[in-house]
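*Asks:*
This is the structure we're talking about:
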């Protein structure tokens, strides 16, 4: 069990950026941050993990993301989430909520939402990251979450899931105006796993008999895209980036963690 906890923690760290994207979209589809963080009916994000499809020895391919859901804390506690409601963790999230609320309703960060990794075959749940900092979407004046936007967010979740299960590790682009995350992998440098970008040849695979580069990995990344939900894969990321600008989210989180470094220590617990 200890080894499973360790390996799932490394998997979470490898895909942390992608899982955060999924969590933000999932919470919005589930009613928004105010519903998810309601102290009377607190929610938790459950990631159901499965065995790897093509394990290559790196943390990024140790598991697959089989399904996910936003659930209430009472049901989630039956999946092994009791430690998330320990007095220490409840107090930590309350501190975070008060800190973020004091910044006003326009604060980018809304609070912390508990995270569970659940292993259905093992009938056992754990929480290697404990919680995610939850970001408030940056809606334009009068903008609402209509069916078109819901479809777009579902497609973002589908594509992110496809990337995770193909071993693709998404990373925040250096260019703050770039809307599609950078794709890469994790490699061992010394004793640490470090993200490194894929070059174009690795991403699309070797050329076929006709000289056209392969599309295996590209297909794995886009296989979950549903054109009936939204018209174009890139448009999905355009919408996501408009609602949750990558660099704005990161900078806001860093400002909070500078004041409350314990939030990061617990947020990275494995």
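Residue numbers (this note's numbering): 835 to 1104. Virtual Cβ for every residue (Gly too), placed ideally from N, Cα, C. Small disclaimer: the values here were computed from a predicted structure and weren't measured.
Count the other CB atoms within 10 Å of the CB of residue 945; is the residue buried (16 or more) or exposed (fewer)?
*Replies:* Flag for residue 945 reads buried.
*Asks:* Going by beta-carbon coordinates alone, are residue 970 and residue 942 separated by less than 8 Å?
*Replies:* Closer than 8 Å, so yes.
*Asks:* Rounded to whole angstroms, what's the CA-CA distance from residue 851 to residue 859? Just pull it up for me.
*Replies:* Using only the alpha carbons, I get a separation of about 13 Å.
*Asks:* Considering only the beta carbon of each residue, do residue 1080 and residue 1007 sit closer than 8 Å?
*Replies:* In this structure, residue 1007 lies closer than 8 Å to residue 1080 by Cβ.
*Asks:* Roughly how many whole angstroms lie between the Cα atoms of residue 1070 and residue 982?
*Replies:* Straight-line Cα distance between these residues: approximately 10 Å.
*Asks:* In terms of residue numbering, what span does the alpha helix (DSSP H) encompassing residue 948 cover?
*Replies:* It is not in any alpha helix (DSSP H) - residue 948 instead sits in the beta strand (DSSP E) that spans 943-953.
*Asks:* For residue 1107 and residue 849, what's the separation of their Cα atoms in angstroms?
*Replies:* Residue 1107 falls outside the range modelled here, since the chain spans only 835 to 1104, and no answer is possible.
*Asks:* Please report the straight-line C-alpha distance between residue 869 and residue 879, rounded to a whole angstrom.
*Replies:* So the two alpha carbons sit approximately 13 Å from each other.
*Asks:* One question on the structure: do residue 997 and residue 890 come within less than 8 Å of each other, judged by their Cβ atoms?
*Replies:* No, they are not a contact pair.
*Asks:* Quick one: grab the DSSP three-state call for residue 852.
*Replies:* In the structure shown, residue 852 sits in a helix (DSSP, three-state: H, G or I).
*Asks:* What distance in whole Å lies between the Cβ atoms of residue 867 and residue 967, which are believed to be in contact at a cut-off of 8 Å?
*Replies:* Residue 967 to residue 867, Cβ: 11 Å. No contact.
*Asks:* In terms of residue numbering, what span does the alpha helix (DSSP H) encompassing residue 1069 cover?
*Replies:* 1067-1077 is the span of the alpha helix (DSSP H), which, as asked, contains residue 1069.
*Asks:* Buried or exposed: which applies to residue 901, given that a residue is buried once 16 or more other Cβ atoms fall within 10 Å of its Cβ?
*Replies:* Exposed: under 16 other Cβ atoms inside 10 Å.
*Asks:* Output the boundary residues of the beta strand (DSSP E) element that contains residue 902.
*Replies:* Taken as a continuous stretch (DSSP letters only), the beta strand (DSSP E) holding residue 902 covers 898-906.
*Asks:* Determine the extent of the alpha helix (DSSP H) in which residue 997 is found, giving its start and end residues.
*Replies:* Element bounds for residue 997: 981-999.
*Asks:* How long is the line joining the alpha carbons of residue 877 and residue 857, rounded to whole angstroms?
*Replies:* One C-alpha to the other measures close to 12 Å.
*Asks:* In the structure shown, what three-state DSSP assignment does residue 843 receive?
*Replies:* It is helical.
*Asks:* Going by C-alpha distance, which of 881, 979, 865, 995 is nearest residue 1077?
*Replies:* Ranking the options by Cα distance to residue 1077, first place goes to 979.
*Asks:* Could you have a look at residue 1088 and say whether DSSP puts it in helix, strand or coil?
*Replies:* Helix at residue 1088.
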